[in-house]
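One structure is given below, encoded as structure tokens.
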């Protein structure tokens, strides 16, 4: 049951998808939205990629390592953007992204 | 923080998405795959819908109730198909689907 | 071949998905981004729903009418938001959304 | 307008997504479904990846080349499986997959 092997990564991806979508939603409500444009953009990229990989792993995709490799890169980029902003949702999102990037890299090696 | 309101439903959707994708993966490996064609089809429909609604709720979609209403219908249909099959993955998937259908209906009412 | 029946709707959904994602991308680059927050949000909702329905129709989903019904509602909401803004990408997106809403309603009736 | 640059690739991805989903739907209705299990699986992987990349390109993803690289690999794998089967939908899907793999490789180089 391949999804059992990936159970921990799936939960990490799920947490990251939630942090990114919550950060996206919160950024759209911020007064300084003009400064958050790239954060909004990367939140969506990262949420979509994490959600995609999550589903792929559960259904036993033959492309787990390659998808994890690009997901790590997108998480890293999103985390680097988010950590520049002081909003609590951005800082939490950065943490979730870096944790997820690390977990994805372990699979892709 | 709207996704906190939906926290329980998001976890239920996540469980159902995993059960459906695992059932889909397992059905494709069964000897009696010819009997599982409709189960494979509905597993994918249900996994995709649950994954879609999950993401939508976290990002504060304005269409939560309407999406939950159709998700409930798809979960119900998938559960009804799965419960006809004796494979353990089908029985577990049926349970996850019925639980999720019930949770979605609560939101959509 | 069910996707032949839906060929025209699939192309309309594809056009709307592209218009919404292009409008989303363009709004994130506008100087008046603070006024575009709801447009960005609805563009993503609409693009994701159109992309979802498009794929569902091609693979012969048993839930075509119900999904088309909610897609029509989301397209209508996105079009109503977009038409309030004078940017060319917003006006084009509004047109694509209203065309798609009309096509979805025809299926869902 | 970045999606104009990618216009041709987006149409190729759209064609491949449709061919894969149609092949998936058709395989699930074949009498020899037991032989089609891997085709069904790869059709879904490929359709989902093409649909994902399509949306990403239109919204100006910063990860176009990397996503195109993995999409090329998935299209190639799906095409190689499909070409083994004599069903018309499999042969057409193989053609669409190889065309799409080639187009993705051009972007990713």
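Chains as they are written, first to last, in UniProt numbering: chain A, 1 to 109; chain B, 1 to 109; chain C, 1 to 109; chain D, 1 to 109. For each residue, glycine too, the CB sits at the ideal point set by N, CA and C.
Would DSSP call residue 59(D) helix, strand or coil? The answer is coil: DSSP assigns residue 59(D) none of H, G, I, E or B.
Could you check what DSSP says for residue 89(A) in three-state terms: helix, strand or coil? Secondary structure at residue 89(A): helix, using DSSP grouped into helix, strand and coil.
Would the segment 2–14 of chain C count as touching the segment 85–98 of chain B if we require 3 or more Cβ pairs under 8 Å? Too few Cβ pairs lie closer than 8 Å, so no.
Secondary structure of residue 28(A), DSSP reduced to three states: The three-state reading of DSSP puts residue 28(A) in coil, since its state is none of H, G, I, E or B.
Could you check where the alpha helix (DSSP H) with residue 73(C) kicks off and where it finishes? Taken as a continuous stretch (DSSP letters only), the alpha helix (DSSP H) holding residue 73(C) covers 64–82.
So, residue 12(C) versus residue 103(C), is the Cβ gap smaller than 7 Å? In this structure, residue 12(C) places its C-beta atom within 7 Å of the C-beta atom of residue 103(C).
Along chain B, which residues have their Cβ under 8 Å away from the Cβ of residue 67(C)? Chain B residues near residue 67(C): 70.
Looking only at its own chain, which residues have a Cβ that is under 7 Å from the Cβ of residue 105(D), when we skip the five neighbours before and after it? Apart from the 5 residues on each side of it in sequence, residue 105(D) sits with its Cβ closer than 7 Å to the Cβ of 72 in its chain, given in chain order.
Of all Cβ atoms in chain C, is any one closer than 7 Å to the Cβ of residue 34(A)? Closer than 7 Å to some Cβ of chain C, the Cβ of residue 34(A) qualifies, so yes.
Secondary structure of residue 7(C), DSSP reduced to three states: In the structure shown, the three-state DSSP call for residue 7(C) is helix.
Residue nearest to residue 63(C) in terms of C-alpha spacing, selected from 61(B), 65(B), 34(B) and 69(B): Shortest Cα-Cα distance from residue 63(C) to any of 61(B), 65(B), 34(B) and 69(B) involves 69(B).
What residues from chain B crowd round residue 44(D), counting only those whose CB sits closer than 7 Å? By Cβ distance, chain B contributes 44.
I'd like to check one pair, residue 89(C) with residue 22(C): are the Cβ atoms closer than 7 Å? Cβ atoms of residue 22(C) and residue 89(C): closer than 7 Å.
Kindly say whether residue 85(C), judged by its beta-carbon, lies nearer than 7 Å to any beta-carbon of chain D. No, no contact with chain D.
From residue 47(B) to residue 84(A), what does the alpha carbon distance come to, in whole angstroms? Rounded to whole angstroms, residue 47(B) and residue 84(A) show a C-alpha spacing of 35 Å.
CB contact check: residue 21(D) to chain C, cutoff 7 Å: Yes, because at least one Cβ of chain C sits closer than 7 Å to the Cβ of residue 21(D).
Is any heavy atom of the ligand NAP found at a distance shorter than 6 Å from the C-beta of residue 7(C)? Summarising the ligand content, the structure contains no ligands, and the ligand NAP is consequently not present.
Chain B partners of residue 41(D), CB-CB under 7 Å? Within 7 Å Cβ-Cβ: 28.
Proximity to residue 28(A) [Cα-Cα], best of 42(C), 20(C), 16(C) and 18(C): Comparing Cα-Cα distances from residue 28(A) to each of 42(C), 20(C), 16(C) and 18(C), the minimum goes to 42(C).
Within the 7 Å Cβ cut-off, does residue 77(C) reach chain A? By this cut-off, residue 77(C) is not an interface position.
Whole angstroms is fine: what's the gap from residue 59(B)'s alpha carbon to residue 36(B)'s? When rounded, the distance between both Cα atoms is 35 Å.
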